[in-house]
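Numbering (mature numbering (1 follows the signal peptide of the UniProt record, and there is no 0)), first residue to last: -28 to -1, 1 to 1251.
The beta-carbon is built from N, C-alpha and C at its ideal position, and this holds for glycine as well.
One structure is given below, encoded as structure tokens.
Printed below as a string of structure tokens:
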């Protein structure tokens, strides 16, 4: 058992000095109080042995924000913060804790005071995370927020006073623990006490604060989920004064509440703070509500062992519990009290029970340790770093020194929280885990027992909450005690104590299905007194005559008069009402029987081809598009037909005709009147000669037998419980009708509709089905059908009138449960039905029954239900009403509800997952092919146009005010074709235009088409790029021309020559045709661009005056134009006459590297459709967190850059390129980018790249040496 107190050091300074004197030479160093602090805010440095936690408390509450969440000022950190420092000192001086490490805490009043303000707490925690603290201690406001933050980074957070009930959910707050006694267990102990005395109705009065709001909300939710608890009256009030003593009156709140209690509730639950309880009880006494007719239960979860110290004479610490102790003086003087005399207050408390933590007997050394601890806290508060003056001077209105004032309960709870953290951390260190592994630290403290510094033992349960068992105390009143010294004699006596159903020393965290409200029970110890009931026994929650006394009639009329009047009225009623009603009902019944509303003509039934469309009540084939499964060969099929447009099941009766006697007509009427969601609806019957039919609703998903025997269907506990529950509900209703019993209940007669609702079929109409007008013997039934028959029915030759009994139906239900367990049919592995029936009829001991070895997971209780159902003695078998309760308990344990729609939705969600997996597998190839088609279409057409075509929309033509068009063709292409083979021509064009395509990919251009040796490119559409189109086309033209000069025709190595023409102007673009659509450009601009090419010269670029002006305009911000342009003169252009044209020669030498890179970045980030950045994102692995960029500093990316003046080395150019171009690209993509650099080994650039960071993550680098024989147009291109 882990113990919080140190085994080496005592808590008094005397013991510490004695230890130093005796063991000072043993080599261990004593750690002082001050050494536990490390102020990282002031730049303090840490050592490798330091484990640093952050201490975060509301040291001084925010006065300006009107925060009401904090309780009284007595709960602020300035009264108890030093308890954490005391605990850390004890930990550091304990050689059994934390090995050779030292625990230290961060505190700075200017930086770690949360003020109980949420944004302050978040800000403080974020700053401390940057300081790499290992955990957090404290917090008592906005605990959900800070706990989720701590859990997100897997750091432990130990609190001493967080009250929110949902903090117990470890799935949401995995690294949170607390030592406050107020947690969810309080709710379940309240419920346990209410159930103990069968109090189902109760009223609640509570204070709206963060403490009691949490308790009330949780209690209300639990009572709403429980059918046997009801809050009949709820009232609350706002806190008006948060200090220890209360002088204000709440009469305007309490009096209406008490008046309403007299009309609605006798059990009153009080969650009031301190002195408000006194005022409430005095008002109840004045209304004569403390005379035993009402019970008041006050919850006080913060009592400590100090409250009832056996050897103390100071009562000021628990003045709220002892109400006759006045606010002034010592209680021995004047008997007047703030709310009345002492005697009046004592009498007022006689109807009150106190629900509070169990208080151990604290005496001797343990009592001294606690007193020493309180002294250390008081002294520590006045010392750095806290420097609080709250324990200096005198306390107002109390004859007592502040130096003797007791620290609040938060002090020892904070101490316990730090010690609990140390014990969990100690185990984590022993495993070799990190000190920041918050989830492991929390796991280490679960299911452990400890002892508080206050002396109270406690258990840490499986939710990291302190499980403190409560007790019930009562003020035992008699006249003699009023004459004695009230201070020491009249105290609340313990009458009950709560115990946990878990082991006394541990908490069972594995039993997750156990209902939490059943974990505790109320009992008595040998020393507990009997509760004092003023009426001799516990009262009921409702008066015998009701709150309005209407249940007790006034006995004003004599018995003889009443009897005579009753007889007279009865006879008059029979004459006036009963006889006419009987006659009318008899007439109405005969009329209804004669109407024969159930009658259906065979001509009204429209059959399918029976060999194709006859469906089985035992098949899973749905006509509404549901799941399909193979039908077992042993299933029996039933025909289906359409009746009035609805698909129905048709069962043929083996009779030539039916004589409609009164019994048969009554049976048919009964069947037509039966309506229940778990009974298969009877539609009607056909009684034509040689065509006797029963028509019922069609269940599309087959029978229960089919589902159980189909191994492809996975059945879990909720699914089986839902189906079993449907059977029970259907049989309960059937047994309550005139039909009385089923007589042939079996799994094949339990059908399931399209909504997965089980319906019982094939019941009733016993006389109608018999061959000779009387019920046949079992000999006429198929032998397999008798496997579900009860033994007492098998032993008689002729069954009862209704072919069975209700207890026989229970036996049949037990056989169905056996099928649910084994899924091998009735009687499982037994194969001979005749032998089975003979053994069942014999009276074996024990009786012969199916063997069921495997239980249904999470529904193990069904096995016991099954065995009860097939007991040999019918009278010992349960009724379906009892079975319903058993199954509901199992459903509740599985989180299920009896509501049909909710369970159906739950089942559909589960089984839709398997269907989704099948659909995903079958459509995976379709998606892949679809992606291929889309990618191919996007290569043939602009992406925006391709998207419109794929969506089936018509692509409208669009006018572009200004674009630049590129035309080129091969000079002497005809003679080249005559000198090589056609296949070589194709290879030539493919190689050449592939090179052109690779070059064009680096620019903001769109390739329109290639026709023969002609190559057409445009810039400025389909995405407009302002004036950049001419610059993009010009740069691409120079790049193409430069690479063409080195291109050779194979096999004769003849140099190829091309002409290039550029023109700028407006065009209209659109898609032409529906078969093999093409994206075409129209307008005079296209013609002029083609003329610029055709009138040009080999290996030269001819541009129009419009293109030349556009290029100049795009360079307006630079002193000199970027491009070298030479006038050619006037050229005769067809259709235009003589026009001025120019030669585009190249780029100016003084064009800086910065301007080239600026163009690259503008193109990269502004024009997303064709930019390299978009291609990087598109080509990166779809499911990879790491993205790779391929950079070729010596490839075409720099080859197109003219030499600089002064010239830069290759290394410097690569360095500038990476800093200005690639690094911004990496930042665009995100974290974990990997840069791959080819043909580069310069160490300076490598170091530059390795040292680069963005978004807090370094850039990974890979280097690859390019082949020396690689050509410029064959080299890898930068993406």
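Quick one: Cα of residue i to Cα of residue j, how far?
i: residue 835; j: residue 496; result: 36 angstroms
i: residue 943; j: residue 897; result: 47 angstroms
i: residue 1036; j: residue 958; result: 31 angstroms
i: residue 714; j: residue 721; result: 10 angstroms
i: residue 1117; j: residue 905; result: 41 angstroms
i: residue 1080; j: residue 932; result: 19 angstroms
i: residue 441; j: residue 502; result: 20 angstroms
i: residue 385; j: residue 30; result: 15 angstroms
i: residue 1261; j: residue 27; result: Coverage of the chain is limited to positions -28 through 1251, which leaves residue 1261 absent and any answer about it impossible.
i: residue 809; j: residue 790; result: 16 angstroms
i: residue 269; j: residue 176; result: 10 angstroms
i: residue 1082; j: residue 977; result: 16 angstroms
i: residue 400; j: residue 89; result: 33 angstroms
i: residue 858; j: residue 92; result: 52 angstroms
i: residue 1059; j: residue 888; result: 56 angstroms
Shortest alpha-carbon distance to residue i belongs to which of the options?
i: residue 377; options: 472, 235, 399 and 351; result: 351
i: residue 812; options: 24, 766, 791 and 353; result: 766
i: residue 1073; options: 492, 1007 and 718; result: 1007
i: residue 925; options: 839, 1014, 865 and 1043; result: 1043
i: residue 761; options: 733, 826 and 842; result: 842
i: residue 24; options: 110, 74, 62 and 428; result: 74
i: residue 438; options: 140, 1005 and 403; result: 140
i: residue 700; options: 685, 687, 683 and 718; result: 718
i: residue 844; options: 820, 470 and 730; result: 820
i: residue 130; options: 1040, 382 and 64; result: 382
i: residue 21; options: 71, 30 and 48; result: 71
i: residue 620; options: 48, 653 and 647; result: 653
i: residue 650; options: 639, 113, 941 and 698; result: 698
Name the one or two DSSP bridge partners that residue i has.
i: residue 269; result: 241 and 325
i: residue 1312; result: Residue 1312 is absent from the model: the chain starts at -28 and stops at 1251.
i: residue 422; result: 430
i: residue 27; result: 109
i: residue 162; result: DSSP output for residue 162 lists no bridge partner at all.
i: residue 1099; result: 1114
i: residue 668; result: 621 and 654
i: residue 495; result: 469
i: residue 209; result: 179
Measure the Cβ-Cβ separation of residue i and residue j and say whether it is below 8 angstroms.
i: residue 918; j: residue 829; result: no
i: residue 615; j: residue 666; result: no
i: residue 87; j: residue 135; result: no
i: residue 414; j: residue 777; result: no
i: residue 695; j: residue 730; result: yes
i: residue 408; j: residue 102; result: no
i: residue 226; j: residue 203; result: no
i: residue 569; j: residue 644; result: yes
i: residue 693; j: residue 863; result: yes
i: residue 222; j: residue 251; result: yes
For residue i, decide whether its Cβ has a neighbour in chain C, counting only Cβ atoms nearer than 8 angstroms.
i: residue 709; result: Annotation note: the requested chain C is absent from the structure, which comprises a single protein chain.
Any heavy atom of the ligand NAD closer than 7 angstroms to the CB of residue i?
i: residue 1069; result: The ligand content of the structure shown is nil, which means the ligand NAD is not present either.
Assess, as a yes-or-no matter, whether the segment 337 to 346 is touched by the segment 3 to 16 under the definition of 3 or more beta carbon pairs within less than 8 angstroms.
-> no
Check whether the segment 418 to 436 touches the segment 146 to 157, counting contact only when three or more Cβ pairs, one atom from each stretch, lie closer than 8 angstroms.
-> yes
Are the segment 235 to 242 and the segment 171 to 182 in contact at 8 angstroms, needing three or more beta carbon pairs?
-> yes
Would you check if there are 3 or more beta carbon pairs closer than 8 angstroms linking the segment 982 to 990 to the segment 937 to 951?
-> yes
Any chance the segment 658 to 675 sits against the segment 564 to 580, with 3 or more Cβ pairs inside 8 angstroms?
-> yes
Taking contact to mean at least 3 C-beta pairs separated by less than 8 angstroms, is the segment 844 to 857 in contact with the segment 775 to 785?
-> yes
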